[in-house]
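Novice: Take 212 as the starting number for the sequence shown in this note's numbering and just add one per residue.
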Amino acid sequence: MTPSDAPQSRWSDLDRPPLNVPALRRGLLRPGSLWTALDVVESTGSTNTDLATRAAGLAEGTILVAEEQTAGRGRLERTWTAPARSGLFFSVYLTPGDVPAERWGWLPLLTGVAAATGLARAAGVDMALKWPNDLLVSVDGEERKTGGILAERAGDGVVIGIGLNVSLRADELPAPTAASLALAGAVSTDRETLLRGVLRSLEHWYGLWRDADGDAAASGVQEAYAAGCATLGKAVRAQLPGDRALTGEAVAVDGDGRLVLSTGGGRREPVSAGDIVHLRGAAGGLT
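Shown next as structure tokens:
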């Protein structure tokens, strides 16, 4: 596929215009910026897969955006699809080579902080984080997923992908628990404004984290994540590898980015990987 270098002259939905690539490049690819290259493709299977296969020849700060993803991936190999130009589907390549590799696990959490803070400013919508990598908004008083983050090691760095529902209408949602920024009352659903907001916020938080040698506490990332994490303080069930499950109250995100559950009797169990379900009330209703 050839990257789109100019706005398209036609589109089927006038509420969903294509991205203006030259304008995005002028706004983001500045001297001294983290961002070094930006391409937009009309359609692809997965921007994460595309960047990962090219990782050996990529410069740090490469951005790939798709107007449509036909095989977008989330955690646990879940799929992520949405109508063309209804959201933001993009990946970036980062090479934090001077940061100890054992601290790279903070990158998806850091990206969540950056996306939530950037979108709160650009869209005027309160955002929350569900551990480890979901972006939540409130619709009719209920927290719903509007975006997700997937980080994968590739070459000498990490590819980080973000999928975000921007203008999806209620009848287009993939599940009752999903949402979009439009349904959450966003003051702006202009995708260029939102993309610039997220990427500039990611540059800011990544810079703080890297300057602190990947120390999540010293960089402020750990505190910011905890402050915006809707999982903390909730009763949750963690579906763990090996068909195991753990239920308890989420009480902290530790220095390694793990979710700490209080499971009763003074026991605290850190969870490093798993599917987290927020529980509601004594009956254990799902949220």
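For each residue, glycine too, the CB sits at the ideal point set by N, CA and C.
In this structure, how does DSSP classify residue 259 when only helix, strand and coil are distinguished?
Specialist: helix
Novice: Per DSSP, what kind of secondary structure is residue 357 in: helix, strand or coil?
Specialist: Three-state result, residue 357: strand.
Novice: Report the CB separation of residue 336 from residue 272 in whole angstroms; it is logged as a contact under 8 Å.
Specialist: Rounded, the Cβ-Cβ distance is 27 Å, inconsistent with contact.
Novice: Report the residue from 373, 381 and 401 whose alpha carbon sits nearest the alpha carbon of residue 229.
Specialist: 401
Novice: Could you check whether residue 475 and residue 459 sit closer than 8 Å to each other, using their CB atoms as the reference points?
Specialist: yes
Novice: Nearest chain D C-beta to residue 235 closer than 8 Å, yes or no?
Specialist: The chain labelled as chain D is not found in the depicted structure, where only one protein chain is given.
Novice: Is DSSP giving residue 250 helix, strand or coil here?
Specialist: DSSP, read as helix, strand or coil, puts residue 250 in strand.
Novice: Which of the three DSSP states is assigned to residue 264 in this structure?
Specialist: helix
Novice: Quick check: the Cα distance between residue 490 and residue 451, rounded to an integer number of angstroms?
Specialist: 16 Å
Novice: Applying the criterion that 16 or more other CB atoms from any shown protein chain within 10 Å of the CB defines a buried residue, is residue 482 buried or exposed?
Specialist: It is buried - the Cβ of residue 482 has at least 16 other Cβ atoms within 10 Å.
Novice: Rounded to whole angstroms, what is the Cα-Cα separation between residue 321 and residue 303?
Specialist: 13 Å
Novice: My assumption, with CB atoms under 8 Å, is that residue 361 sits in contact with residue 344. Please give the rounded CB distance.
Specialist: Taking 8 Å as the upper bound for CB-CB distance, residue 361 and residue 344 are in contact here, some 7 Å apart.
Novice: Could you have a look at residue 380 and say whether DSSP puts it in helix, strand or coil?
Specialist: coil
Novice: Under three-state DSSP, which class holds residue 392?
Specialist: coil
Novice: Can you tell me whether residue 293 is helix, strand or coil according to DSSP?
Specialist: coil
Novice: Determine, using beta carbons only, whether residue 427 and residue 485 come nearer to each other than 8 Å.
Specialist: no
Novice: For residue 434, which residues of its own chain have a beta-carbon under 8 Å away from its beta-carbon, when the five flanking residues on both sides are left out?
Specialist: 428, listed in sequence order.
Novice: Report the option in 312, 310 and 342 whose CA atom is closest to the CA atom of residue 358.
Specialist: 342
Novice: Just to confirm the assignment, what range does the alpha helix (DSSP H) spanning residue 452 have?
Specialist: First-last for residue 452: undefined, no H or E at that position.
Novice: Going by C-alpha to C-alpha distance, which of 479, 454, 453 and 455 sits closest to residue 461?
Specialist: 479
Novice: May I ask you to list the residues that DSSP assigns as paired with residue 489?
Specialist: Looking at the DSSP output, residue 489 sits in a beta bridge with 447.
Novice: Between which two residues does the alpha helix (DSSP H) holding residue 409 run?
Specialist: 402-422
Novice: By DSSP's criteria, residue 436 is part of a beta bridge. Which residues make up the other side?
Specialist: Beta-bridge pairing by DSSP links residue 436 to no other residue.
Novice: With three or more C-beta pairs closer than 8 Å as the rule, is the stretch 276-283 touching the stretch 247-254?
Specialist: yes
Novice: At which residues does the alpha helix (DSSP H) containing residue 323 begin and terminate?
Specialist: 318-334
Novice: Going by Cα to Cα distance, which pick from 440, 436 and 407 is closest to residue 232?
Specialist: Among 440, 436 and 407, the Cα nearest to that of residue 232 is on 407.
Novice: Give the range of the alpha helix (DSSP H) segment to which residue 235 is assigned.
Specialist: 232-239
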